[in-house]
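Undergrad: Quick one: structure below, then a few questions.
Numbering (the UniProt record's numbering), first residue to last: 1 to 143.
Printed below as a string of structure tokens:
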């Protein structure tokens with residue numbers, strides 16, 4: 001069995017990650033691999049900020065993230081492709097959760113999008129850079 005291709009997206013970027021998902025799907029198809037798409041929501045539960053939210057806020061946030069992730073992947077891929085994609089929503093720091101899933105799923109490739117190009121971050125965003133630096137497999141960065 002071929003190792004999966006893991007695609008990390010930021011659902012708060014709207015349609016900016018459509019190209020990232022499409023690229024990851026093409027890479028997965030080349031090897032007949034499973035495509036896993038992960039989105040990470042922040043964890044407010046352990047911080048002072050968390051005390052300002054209702055107890056069910058996290059569950060609602062995860063449910064909404066799942067809806068948005070499915071919508072994003074549905075827009076990027078055709079229905080047959082989307083039906084085969086494993087949609088993953090995790091809670092925590094984006095790069096940590098992507099690397100944690102990568103350690104567990106052992107993907108052959110991680111596909112990430114570069115942050116929006118601006119003067120402050122003209123190479124990679126902080127999450128993409130950390131994933132590139134610490135991943136145990138190849139990482140493909142989509143501009």
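Every residue, glycine too, gets a C-beta built ideally from N, C-alpha and C.
The ligand MN heavy atoms versus the CB of residue 84: any closer than 7 Å?
TA: Here there are no bound small molecules, and the ligand MN is not part of this structure.
Undergrad: Cutting at 7 Å between CB atoms, please list the residues of its own chain near residue 89, excluding the five before and the five after it.
TA: Here the question's residue 89 lines up with position 89 in the chain shown. Answer for residue 89: 39, 41, 62, 65, 66 and 69, listed in chain order.
Undergrad: Whole angstroms is fine: what's the gap from residue 131's alpha carbon to residue 54's?
TA: Reading the chain shown from its first residue, position 131 is the one you call residue 131. Reading the chain shown from its first residue, position 54 is the one you call residue 54. So the alpha carbons of these two residues sit roughly 32 Å apart.
Undergrad: Using CA coordinates, which residue listed in 26, 17, 12 and 18 is at the minimum distance from residue 4?
TA: Here residue 4 refers to the residue found at position 4 of the chain shown. If you compare the alpha carbons of 26, 17, 12 and 18 with that of residue 4, the shortest gap goes to 26.
Undergrad: By a C-beta neighbour count over all protein chains shown, 10 Å radius and 16 as the cutoff for buried, is residue 120 buried or exposed?
TA: Walking along the chain shown from the start, residue 120 turns up at place 120. Residue confidence is low: residue 120 scores 46 on pLDDT, short of 50, so the model does not pin down where it sits. Its coordinate-derived value is still stated next. Exposed, since its Cβ has fewer than 16 Cβ neighbours within 10 Å.
Undergrad: Give me the Cβ distance between residue 98 and residue 8, rounded to the nearest whole Å; I'm assuming they're in contact under 8 Å.
TA: The residue you call residue 98 lines up with position 98 of the chain shown. The residue you call residue 8 lines up with position 8 of the chain shown. Indeed they touch by this definition, with Cβ atoms about 5 Å apart.
Undergrad: Could you say which of 108, 114, 100 and 112 lies nearest to residue 29 if we only look at CA atoms?
TA: Your numbering for residue 29 matches position 29 in the chain shown. Checked all of 108, 114, 100 and 112; the closest Cα to residue 29 is 108.
Undergrad: On the CB-based measure, 16 or more other CB atoms within 10 Å of its CB, does residue 59 come out buried or exposed?
TA: Taking the chain shown and counting its residues from 1, one reaches residue 59 at position 59. It counts as exposed.
Undergrad: Expressed to the nearest angstrom, what Euclidean distance is found between the alpha-carbon atoms of residue 35 and residue 137?
TA: Position 35 of the chain shown holds residue 35. Position 137 of the chain shown holds residue 137. One C-alpha to the other measures close to 15 Å.
Undergrad: Closest to residue 43 by C-alpha separation, out of 91, 31 and 125, would be which residue?
TA: Here residue 43 refers to the residue found at position 43 when the chain shown is read from its first residue. Taking only the C-alpha atoms, the option nearest residue 43 is 91.
Undergrad: Which same chain residues, not among the five before or five after residue 113, have their C-beta less than 6 Å away from its C-beta?
TA: As a position in the chain shown, residue 113 is number 113, starting the count at 1. Annotation for residue 113: 17, 20 and 142 place their beta carbon closer than 6 Å to its own, counting only its chain and skipping 5 residues before and after.
Undergrad: Using DSSP with H/G/I as helix, E/B as strand and the rest coil, what is residue 108?
TA: Taking the first residue of the chain shown as 1, we reach residue 108 at position 108. Looking at residue 108 - three-state DSSP - the assignment turns out to be coil, as it is neither helix nor strand.
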